[in-house]
Amino acid sequence: MRVTLAGLTSASRNGDVGTVASYNAWKARYAVKMEGDAGMMAISPGNLLQHPVVTLWELSLREMNGEAGTIVSLDEGTIARTFGLKAENYNGRWVTVGRHDEGFGKGELMTSNAETVKVKLENVIV
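Below, the structure is given as structure tokens:
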């Protein structure tokens, strides 16, 4: 399962992506193999955001049936959390999903202090 790190005390690692390798029940931590990094990290479950994956079925393009994909479309009004943005001041913020601009591949998000920002929906987790 692919995950993104969030809410860590060492903020420089927030937004980093890795894959869960195992779970240590005694320490209550997941061992996460980080992408682009040779090391493993022991991470608390509360600091991991999952990347949900879907399998496509019953499509008119039969060759797409059975293919996997990542969920990147969210309904307006969905509450989500941002991650992996270049503008770090927006990472880890709770937002409300607004309308989606198909032409730019971005969604409008409303922050708790009424700011509207446009980001790729791949950079939000529900």
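Numbering follows numbering that gives the first Met the number 0, with no gaps: position 6 of the sequence shown is 5. Note that beta-carbon positions come from the ideal geometry of N, C-alpha and C, so glycine has one too. None of these values were measured; they are calculated from a predicted model.
For a test of the three-state rule: what should DSSP assign to residue i, helix, strand or coil?
| i | result |
| --- | --- |
| R92 | coil |
| L84 | coil |
| M109 | strand |
| L7 | coil |
In chain order, what residues of the same chain lie with their CB nearer than 8 Å to the CB of residue i, ignoring the 5 residues before and after it?
| i | result |
| --- | --- |
| K117 | D100, F103, K105, G106, E107, L108 |
| M33 | D15, V16, G17, M39, M40 |
| G97 | E75, G106, E107, L108, M109, T115 |
| L21 | It is Ser, not Leu, that sits at residue 21 in the sequence shown. Excluding positions up to five away in sequence, the list reads Y29, A30. |
| N122 | T81, F82, G83, L84 |
| W25 | none |
Provide the residue(s) that pair with residue i in DSSP beta bridges, ordered along the chain.
| i | result |
| --- | --- |
| A30 | S21, A41 |
| V125 | Note: V125 sits in no beta bridge, so no partner. |
| H50 | Per DSSP, none; premise fails for H50. |
| T115 | M109 |
| D100 | K105 |
| R1 | T18 |
Could you give the C-beta distance for residue i and residue j, rounded to a whole number, given that I count them as a contact under 8 Å?
| i | j | result |
| --- | --- | --- |
| T77 | V2 | No, T77 and V2 are not in contact; Cβ-Cβ is about 20 Å, not under 8 Å. |
| A90 | F82 | The identity of residue 90 in the sequence shown is Asn, whereas the question assumes Ala. Right, their Cβ atoms sit about 6 Å apart. |
| A27 | S43 | 7 Å |
| A5 | L48 | 5 Å |
Output needed for residue i: all residues of its chain with C-beta closer than 7 Å, excluding positions within five of it in sequence on either side, in chain order.
| i | result |
| --- | --- |
| L7 | N13, N46 |
| W93 | I78, R80, S111 |
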